[in-house]
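K.L.:
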Amino acid sequence: MKELYRKKIRDILEQKETEKEIIVKGWVRTKRGNNKIAFIAINDGSIVHNLQVVADVPKFKEEILEKMSTGTCIEVRGKLAESPGKGQEVELHADEITLYGPADPETYPLQKKGHSLEFLREIAHLRPRTNTFGAILRLRHHLSYAIHKYFNDKGFYYMHTPIITGSDCEGAGEMFRVTTLDPKSPPLTKDGKVDFNEDFFGKETNLTVSGQLEGETGALALSTIYTFGPTFRAENSNTPRHLAEFWMIEPEMAFYDIHDNMDLAEDLLKYLIRYILDHCMTDLEFLQKMYDDGLIERLDFVLAHDFVRTVYSEAIEILKKADQPFEFPVEWGKDLQSEHERYLVEKHFRKPVMLTDYPKDIKAFYMKQNDDGLTVRALDVLFPKIGEIIGGSQREENYEKLRQRILELNLPEKDLWWYLETRKFGTAPHSGFGLGFERFMLFISGMNNIRDVIPFPRTPNNAEF
Ligand code: ATP
Ligand code: MN
124 MKELYRKKIR
134 DILEQKETEK
144 EIIVKGWVRT
154 KRGNNKIAFI
164 AINDGSIVHN
174 LQVVADVPKF
184 KEEILEKMST
194 GTCIEVRGKL
204 AESPGKGQEV
214 ELHADEITLY
224 GPADPETYPL
234 QKKGHSLEFL
244 REIAHLRPRT
254 NTFGAILRLR
264 HHLSYAIHKY
274 FNDKGFYYMH
284 TPIITGSDCE
294 GAGEMFRVTT
304 LDPKSPPLTK
314 DGKVDFNEDF
324 FGKETNLTVS
334 GQLEGETGAL
344 ALSTIYTFGP
354 TFRAENSNTP
364 RHLAEFWMIE
374 PEMAFYDIHD
384 NMDLAEDLLK
394 YLIRYILDHC
404 MTDLEFLQKM
414 YDDGLIERLD
424 FVLAHDFVRT
434 VYSEAIEILK
444 KADQPFEFPV
454 EWGKDLQSEH
464 ERYLVEKHFR
474 KPVMLTDYPK
484 DIKAFYMKQN
494 DDGLTVRALD
504 VLFPKIGEII
514 GGSQREENYE
524 KLRQRILELN
534 LPEKDLWWYL
544 ETRKFGTAPH
554 SGFGLGFERF
564 MLFISGMNNI
574 RDVIPFPRTP
584 NNAEF
């Protein structure tokens, strides 16, 4: 017997090798036809498109074809042929159909009709089988690969920073405690507080909000590193742009000042957009058709223009003169809200914007202090539709200034001894930033809610699956 092998639908549609005998495996999307001929659209997730399977009904046992309802998993052996019908160039003429797993049409939730994104979140275990989430998962894959490729090609090393951290001082957001103590009766100290000496690590630990501090130790040794891993924030902000668990890309570079940092951020974002345009057009076109008319145009637009570079104080002046009211007040010293960021990007500059030199009091302790005594060398990159997509800075490399700032802010110096030592021994000017993977996915996919660009979103009151 001839050796047959399984082919993925993506390759079949690309290669169009008619007359070939093949095996296809996947899930039934639709079945139609009559008592002579049946058309079964099958999808295996390798591409958004289905393969049309044509079956001569009399050739098959009745119960086999009867069970081919939406969601059923099957294997089809057959011959590929040119398709006379509209909508596809090739189709598979079935010789043999094997049923792997039926899906009862009475109870299988993903029937043909379109479902709301809200409903699909409730069945996150099945939504990868929809065209939308197939496209999202493929985009996430290609984007992740492109991130590693970009940094590898530039000589950056991928550093694995810890997920469990013992320092609660990054200030990026509320943290999730990691503990093995009994919540009903934790050991107590003499003055009645929980005794974390008794805890697993012998101290308080949390899930990391960022790999940056540890990433800096790598940059001050290997020159250029990046981390790309999960980060956690217990912020109770129920917004379409915040998750409690999200992925972050964090490069850290020795000998980079704030301008080098901006060059890298712009180059990285443009590289990733170009990569996705070059490799994921089928999925982009699908998402554009379904969710966002302006998607591909917006991606092209970002590639075609230099990002605007200006300072926070200038942005405040612009916002004060804005011809529209804001919900949150505009005032030097206050952080920018997403409505302000989007005004700057979408109405005023009409381009991505890189803002630097924020007031030191709204930024983290490790940012390099400017000579004015008021601002720090922070960098935020603001994008259309999203607002802040990157947060970063040149880091304070001066031991005394850094220590002073830690004391001023009442941060626990004893937990930061190792961080301070990177400045005590062989310090160097250095910079870095954090790019939120899901924020960027929002931009790339045209989706509006961050819950719809990650397989299993974690948000307040939601950790199902
Ligand atoms: P925001 O003001 O939007 O909450 P942030 O200032 O807390 O952001 P940073 O601490 O600078 O953000 O984190 C770096 C990047 O990580 C952000 O620019 C954003 O892309 C992403 N990010 C931050 N918080 C979240 C979150 N809760 N969910 C998803 N992405 C996030
Ligand atoms: Mn935040």
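Read in order, the letters of the sequence shown correspond to residues 124 to 588 in our numbering. Where is the CB? At the ideal position from N, CA and C, for every residue including glycine. Quick caveat, the model's predicted, so the values are computed rather than measured.
So what does DSSP say about T255, is it helix, strand or coil?
P.N.:
Correct three-state label for T255: helix.
K.L.:
What residue does the beta strand (DSSP E) around T328 start on, and which one ends it?
P.N.:
From DSSP, the beta strand (DSSP E) with T328 extends over T328 to L330.
K.L.:
Is A388 helix, strand or coil when you go by DSSP?
P.N.:
It is helical.
K.L.:
In terms of residue numbering, what span does the alpha helix (DSSP H) encompassing I132 cover?
P.N.:
Here the alpha helix (DSSP H) through I132 covers I132 to Q138.
K.L.:
Using 8 Å as the threshold, is the C-beta distance between L391 and Y273 below it?
P.N.:
Yes. Within cutoff.
K.L.:
Can R252 be considered in contact with ligand 1, in the sense that its beta carbon sits closer than 7 Å to one or more heavy atoms?
P.N.:
Checking every heavy atom of ligand 1 against the Cβ of R252, none is found closer than 7 Å.
K.L.:
Can you find at least 3 beta carbon pairs, one from the stretch 315-322 and one from the stretch 238-254, that sit closer than 8 Å?
P.N.:
Because the criterion of three Cβ pairs below 8 Å is not met, the stretch 315-322 and the stretch 238-254 do not touch.
K.L.:
Taking only three categories from DSSP, how would you classify V151?
P.N.:
Strand, per DSSP.
K.L.:
Going by the C-beta, is M570 closer than 7 Å to any heavy atom of ligand 1?
P.N.:
M570: no, Cβ never under 7 Å from ligand 1.
K.L.:
How should V468 be labelled, buried or exposed, when 16 other C-beta atoms within 10 angstroms of its C-beta is the threshold for buried?
P.N.:
Buried, since its Cβ has 16 or more Cβ neighbours within 10 Å.
K.L.:
With distance defined between alpha-carbon atoms, name the residue in H216, N254 and L539 nearest to A178.
P.N.:
Out of H216, N254 and L539, H216 has the C-alpha closest to the C-alpha of A178.
K.L.:
Which stretch, first to last residue, makes up the alpha helix (DSSP H) that contains K524?
P.N.:
Counting along the chain, the alpha helix (DSSP H) containing K524 begins and ends at Y522 to E531.
K.L.:
What do you reckon, are the CB atoms on I187 and R133 nearer than 8 Å?
P.N.:
Result no, Cβ atoms of I187 and R133 do not sit closer than 8 Å.
K.L.:
With DSSP as the reference, label A357 as helix, strand or coil.
P.N.:
Coil at A357, not helix or strand.
K.L.:
For K190, count neighbouring Cβ atoms within 10 angstroms of its own Cβ and tell me buried if that reaches 16, exposed if not.
P.N.:
Buried, by the Cβ-count rule.
K.L.:
If we require 4 or more residues per run, which alpha helix (DSSP H) segments fall completely within the stretch 460-546?
P.N.:
Complete alpha helix (DSSP H) runs here, min 4: 461-465 and 522-531.
K.L.:
Tell me which residue opens and which closes the beta strand (DSSP E) that K202 is part of.
P.N.:
C196 to E205 is the span of the beta strand (DSSP E), which, as asked, contains K202.
K.L.:
Is L127 near E142, with beta carbons less than 8 Å apart?
P.N.:
No; because the gap between Cβ atoms is not below 8 Å, this pair is not in contact.
K.L.:
Using only alpha-carbon positions, find the residue among Y466, Y223 and H382 that is nearest to R432.
P.N.:
Of the listed residues, the one whose Cα sits closest to R432 is H382.
K.L.:
Look at the Cβ atom of I197, then the Cβ atom of I160, and state whether they are nearer than 8 Å.
P.N.:
No; because the gap between Cβ atoms is not below 8 Å, this pair is not in contact.
K.L.:
Would you identify the three-state DSSP class for Y223, choosing helix, strand or coil?
P.N.:
Reduced to three states, the DSSP call for Y223 is strand.
K.L.:
Quick one: which unbroken alpha helix (DSSP H) runs of 4-plus residues sit fully inside the stretch 260-348? Chain order, please.
P.N.:
Entirely contained in the stretch 260-348, the alpha helix (DSSP H) runs reaching 4 residues are, in chain order, 335-345.
K.L.:
Does DSSP classify A438 as helix, strand or coil?
P.N.:
It is helical.
K.L.:
Apart from the five residues just before and just after Y280, which ones in its own chain have a Cβ nearer than 6 Å to its Cβ?
P.N.:
Hits under 6 Å: L345 and I348.
K.L.:
Tell me whether E462, by its Cβ, gets closer than 7 Å to a heavy atom of ligand 2.
P.N.:
No, the beta carbon of E462 sits no closer than 7 Å to any heavy atom of ligand 2.
K.L.:
Under DSSP, the alpha helix (DSSP H) around K425 begins and ends at which residues?
P.N.:
The identity of residue 425 in the sequence shown is Val, whereas the question assumes Lys. Run containing V425: L418 to A427, per the alpha helix (DSSP H) assignment.
K.L.:
Do you know how far the Cα of F506 is from the Cα of L565?
P.N.:
The straight-line gap from Cα to Cα measures roughly 11 Å.
K.L.:
Return the Cβ separation of E375 and G352 in integer angstroms, given the expectation that the two are a contact with Cβ distance under 8 Å.
P.N.:
Between G352 and E375 the Cβ distance is about 13 Å, and since that is not below 8 Å, they are no contact.
K.L.:
Going by DSSP, name the residue or residues bridged to H553.
P.N.:
The partner list for H553 (beta bridge, DSSP) reads A377 and R518.
K.L.:
Would DSSP call H402 helix, strand or coil?
P.N.:
In the structure shown, H402 sits in a helix (DSSP, three-state: H, G or I).
K.L.:
On the DSSP letters alone, give me the boundaries of the beta strand (DSSP E) that F162 sits inside.
P.N.:
I160 to N166 is the extent of the beta strand (DSSP E) around F162.
K.L.:
Contact between the stretch 198-211 and the stretch 428-443 is defined here as three or more beta-carbon pairs at a separation below 8 Å; is this criterion met?
P.N.:
With the cut-off at 8 Å, the stretch 198-211 and the stretch 428-443 do not touch.
K.L.:
Quickly, what does DSSP pair H216 with across the bridge? List them, please.
P.N.:
Bridge partners of H216: V177 and K202.
K.L.:
Buried or exposed: which applies to R129, given that a residue is buried once 16 or more other Cβ atoms fall within 10 Å of its Cβ?
P.N.:
Exposed, because fewer than 16 other Cβ atoms sit within 10 Å of the Cβ of R129.
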